[in-house]
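Heads up: the sequence shown begins at 91 in my numbering, then just goes up one per residue. Where a beta carbon is used, it is the ideal one built from N, C-alpha and C, also for glycine. Read through the structure below, which is laid out as C-alpha cells, and then see the notes.
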Amino acid sequence: MPSHLRRLRRRAAAAVAGAALVALAVAPAAVAAEPALGLDTPRITADGSVTITYAAGEAVHAKNWLGVYRDGVRPGGPPSLDWRYVPDASGSVTWGPEHRAGWTRGAASIGPGDYDVYLLADDGYDVLAGPVDLTVEAVRPVEPAEPKPEVDGVSELNVLTFNIWHGGSRIPDGAREIADILRETDADVTFMPERNDTPADVAALLGYDHLLATGTGIVSRYPILETGTVGDRWSKAVLDVNGTEVVAYGGHLEYRWYTTYLPRGYGGAVLGDWPAGWDTWDRLDAPVTDVDAILAANLQSGRPASAAALLEDVRAERAAGRLVVVGGDFNEPSAQDWTEATAELFDHHGVVVPWQTTQTLLDGGLVDAFREVHPDPVANPGFTWPADNAAFPTSELTWAPEADERDRIDYVFVAPDDRVAVRSAQVVGPQSTIVRDERVDDDSADVILTPDAVWPSDHKAVLASLRVCDEACLPSAAPEVGAVVRCLAGTAHVAVRATNTGDTAAVVGLSTAFGERTSADVAPGRHAYQAFSSRVARVDAGAVTVTATVAGRAPVTVHEEYAAKSCG
C-alpha cells in the first residue's frame with residue numbers, strides 16, 4: 091500500500107480510537123471498554139507538544155507503556171525513540187521533541203517527520219492500541235552553512251573523530267550538545283561512530299551536510315558530492331573543499347576481540363579456541379604477555395582486514411587525484427604507542443605490540459595526525475578511552491576496573507600529499523579519565539580541549555587541523571632549536587629556545603614531557619623561550635618538539651634531544 095494511503099487509513103482509525111475514548115466517559119459500567127489511544131492534535135511543530143490520552147480497558151498493568159516510533163516501524167523491531175510506563179487504567183501524558191520529561195529517551199533528539207504512537211502491554215510488544223499518526227513539522231528551516239572561505243589558495247579543514255555513545259542518547263538533548271561541541275571545536279568534518287540517527291539531527295541544527303551509512307555517520311560543513319561505503323565498516327563521503335575533492339572515510343571497527351585487555355589481565359570477548367576466560371570481560375588469573383598469541387587473537391577481530399580493504403579504496407582515490415582523510419573508533423591501540431618506551435607504563439606489563447590495524451595503515455603510507463604532531467607516546471599518550479564523564483558512575487565508564495586500561499583508540503589519519511598539511515592535533519573532552527575505577531586528572535603533557543557543552547560520551551574525541559592547498563602547501567621555515575637541562579633551586583628544568591629563521595612572523599609551539607607553550611607572532615630572527623620545570627631533581631635524557639607555522643604555509647616540526655642531568 092502506498093505510504094500516504096496507509097497513513098490516511100490510519101488517521102481514520104485514529105479518529106475512531108479518539109471517539110472510543112470519549113465513549114468511555116458515557117459507556118455503561120457493565121460494558122467492558124476496549125483499549126484506546128488518541129491525540130489532541132495530529133500535527134505539532136518541533137518546539138510544540140501533544141497530549142496523548144490512553145485507556146487500557148481490561149488490560150490494566152503496572153508496566154503497560156506508550157512508545158513513540160518512526161512511521162512504519164513496528165514494536166518489537168527497531169527500538170522506540172521515546173517510551174514511558176502508563177500503569178493507570180486511563181489517563182493522559184504530554185510529549186514533544188523538546189518536552190520529553192518523564193519519558194525514557196531512546197534517541198538523542200527527535201526532529202521533523204512522521205511518527206507512530208502505540209499503547210503496549212506489560213513491558214512487551216503486544217499492541218493494545220495504535221498506531222496513531224503524529225507529524226512533527228519544522229519550526230523553521232536552518233539555512234545551509236557556508237563553507238569556510240579559501241584564503242590565498244589555502245582552506246582550513248578541521249577533522250574531528252567523536253564516538254557519540256549510543257547516538258548521544260545517554261544525556262538530555264544529546265544532539266544539541268553534540269552540535270554545540272562541533273561549534274566549539276570549529277569542526278568541519280566529523281566522524282561519529284555509534285551514530286543512531288543523530289548525525290542527521292546534528293546536521294539539521296548546524297545546516298551541514300551528512301551521511302548515514304555504516305555504523306559511523308559523517309557530518310560536514312563542506313558540501314558532500316558523493317557517498318559510498320567500503321565493506322560494512324567504513325562510511326565514505328567525497329567533500330568539496332573549495333574546489334579540492336577530499337575523500338573522508340569514517341569507521342567503527344569490531345569491539346570484541348579487544349585484545350588490549352589481555353596484557354592487563356582481563357578477557358576482551360576474544361571468541362574462539364583460546365584459554366579460559368579470554369571470551370569474557372572478566373579478570374584473568376594473570377596478564378597475557380605472549381605477543382604472538384595477542385596478535386593472532388587480534389587478527390581474528392577482522393579489524394586488520396578492514397584496514398586492508400580500506401587501503402585498496404584509498405589507493406584508487408589517491409590515483410584519481412583526490413586527497414584522503416580517515417577517522418574513527420578502531421577499538422584497537424596504535425602500533426606507535428605500545429613501544430619499548432611505554433612497555434612498563436599503563437599496565438602494558440613489559441609488552442611491545444605492533445598492533446596490526448594501525449600498522450596496516452602506516453605501512454600503506456597514511457600518517458597518524460596526532461602522532462605526527464606529538465611523536466612521544468610517553469609525554470603525549472593522547473588517551474581517548476576511557477573518558478571520565480561526571481554524569482555517570484565509573485561502573486558505566488570502565489570495563490577493566492582493576493587495571494589501567496587507558497589507550498588511544500580513536501584516530502585521524504591523513505594520506506600524504508603536497509596539497510595537505512597537518513597543522514595541529516589534540517584530544518577533546520573532559521580533563522579527567524578513569525584508572526582502576528577511580529577518576530583521575532590527566533597528568534601528561536597533552537593539552538586537552540574541554541568544551542563548555544555537556545560531554546555525551548565515554549570516549550574522548552581527537553581533533554586534527556589540516557590545511558588544504560590549491561597547489562603545494564609551502565612549508566614554513568624550520569626553526570633553529572636548542573634544548574638543555576638547567577638547574578634552578580635544585581630542580582631540573584628543560585630549557586627550550588627556538589629561533590625563527592624565516593622571513594615572516596611565525597607561530598612557534600614548544601612541547602616537552604613537562605608542558606607546552608605557544609608563542610604567536612615570533613618575528614624573523616627572534617626566538618621563543620621557555621624553561622619547563624620537571625618538579626624533580628633529576629631528568630633522564632629526552633627530546634623536545636618545536637613546531638613553526640606561517641600563515642598560509644604548512645607547519646614544520648623539529649625534534650631536539652637533550653641529555654640527562656641531576657640537580658641534587
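Closest residue to residue i among the options (Cα-Cα distance)
i, options, result
"D299", "R285, T280 and G305", "T280"
"P234", "E284, L209, D178 and A294", "A294"
"P423", "D458, A399 and P168", "D458"
"V574", "P565, S566 and S624", "S624"
"V530", "V229, A515 and L487", "L487"
"L401", "A568, I538 and K326", "K326"
"D216", "G341, I314 and K153", "K153"
"L358", "T135, T334 and N421", "The residue asked about is misnamed: residue 358 is Gly in this sequence, not Leu. Answer by Cα proximity: N421."
"A32", "A505, P394, F460 and E492", "Outside the displayed span of the chain (91 to 658) sits residue 32, for which this structure offers no information."
"E492", "R461, L539, D437 and A480", "D437"
"S396", "D508, G264, Y652 and T447", "T447"
"G417", "W371, G341, V463 and D369", "G341"
"D532", "P476, D276 and T135", "P476"
"V537", "S170, F622 and N470", "N470"
"G162", "A145, G192, P221 and A481", "P221"
"I142", "T135, P541 and V158", "V158"
"A481", "A627, V584, R260 and R285", "R260"
"V598", "A633, S514, L556 and G632", "S514"
"P262", "A191, S139 and A579", "A191"
"W185", "P177, T194 and D178", "T194"
"S555", "Y356, Y501 and D178", "Y501"
"P177", "T334, P202, G264 and D213", "D213"
"S609", "A409, V241, A398 and V640", "V640"
"I200", "G355, D508, V229 and I524", "V229"
"T70", "S485, A588, V612 and D494", "With the chain represented from 91 up to 658, any question about residue 70 goes unanswered, as that position is not in the structure."
"P546", "A265, L456, D223 and R354", "A265"
Rounded C-alpha distance that separates residue i from residue j
i, j, result
"A684", "E148", "Because the chain here runs from 91 to 658, residue 684 falls outside it and cannot be looked at."
"Y351", "G472", "18 Å"
"A603", "Q620", "13 Å"
"N590", "K238", "29 Å"
"S566", "A644", "6 Å"
"A105", "T131", "Because A105 sits at a pLDDT of 43, beneath the cut-off of 50, its placement in the model cannot be relied upon, and the following sentence gives the value as read from the coordinates. Rounded to whole angstroms, A105 to T131 spans 11 Å at the Cα level."
"A638", "R607", "12 Å"
"A110", "V150", "Since pLDDT at A110 reaches only 44, below the 50 mark, its modelled position is unreliable, and the value read off the structure follows with that caveat. Computed Cα separation, rounded: 17 Å."
"V510", "V571", "25 Å"
"G615", "G411", "38 Å"
"D362", "L389", "In the sequence as displayed, the identity of residue 362 is Gly instead of Asp. Rounded to whole angstroms, G362 to L389 spans 12 Å at the Cα level."
"Y208", "D276", "40 Å"
"P165", "V183", "20 Å"
"P465", "S601", "10 Å"
"T225", "D287", "18 Å"
"G181", "A145", "7 Å"
"E236", "A633", "42 Å"
"D527", "G307", "31 Å"
"A120", "P187", "Summary for A120: the model assigns pLDDT 44, below 50, so the residue's position carries little reliability; its value from the coordinates is reported in the next sentence. Roughly 40 Å separates the two Cα atoms."
"G257", "A197", "7 Å"
"A117", "R174", "The pLDDT assigned to A117 is 42, lower than 50, so where the model puts this residue is not dependable; a value taken from the coordinates is nonetheless given after this. Using only the alpha carbons, I get a separation of about 28 Å."
"A113", "E124", "Low per-residue confidence applies at A113: pLDDT is 44, beneath 50, and the placement is therefore not dependable enough to give any value."
"C657", "A290", "58 Å"
"A654", "C577", "12 Å"
"A585", "V468", "19 Å"
"W489", "I268", "24 Å"
"D206", "L302", "22 Å"
"Y652", "D497", "27 Å"
Residue i CB to nearest heavy atom of the ligand NAP below 8 Å
i, result
"C657", "Ligands displayed in this structure: none; no statement on the ligand NAP is therefore possible."
Residues sharing a beta bridge with residue i, DSSP
i, result
"S609", "V598"
"E246", "R557"
"C577", "A582"
"I134", "V226"
"Q516", "L553"
"Y159", "D206"
"Y144", "L127 and G181"
"G632", "Y652"
"A644", "P565"
"E528", "V525"
"T484", "Note: T484 sits in no beta bridge, so no partner."
* Could you tell me whether the stretch 441 to 452 touches the stretch 370 to 386, where touching means 3 or more Cβ pairs closer than 8 Å? => yes
* **Three CB pairs or more closer than 8 Å across the stretch 319 to 338 and the stretch 422 to 441** => no
* Asked: Hey, is the stretch 512 to 525 in contact with the stretch 561 to 580, meaning 3+ C-beta pairs nearer than 8 Å?
  -> Because the criterion of three Cβ pairs below 8 Å is not met, the stretch 512 to 525 and the stretch 561 to 580 do not touch.
* Are there three or more Cβ pairs, one per stretch, closer than 8 Å when the stretch 251 to 259 is compared with the stretch 537 to 557? -> yes
* Would you list, in sequence order, the uninterrupted beta strand (DSSP E) runs of no fewer than 3 residues that lie entirely inside the stretch 264 to 297? => For the stretch 264 to 297, whole beta strand (DSSP E) runs of length 3 or above, ordered along the chain, are 279 to 283.
* To do: Scan the stretch 405 to 450 and note each continuous beta strand (DSSP E) run of 3 residues or more that stays entirely inside, going in chain order.
  => 413 to 419
* Would you check if the stretch 165 to 172 and the stretch 130 to 145 touch, i.e. whether three or more CB-CB distances between them fall below 8 Å? => In short, these stretches do not touch, since the Cβ pair count stays below three.
* Entirely within the stretch 290 to 377 and at least 4 residues each: give me those alpha helix (DSSP H) ranges in chain order. => none
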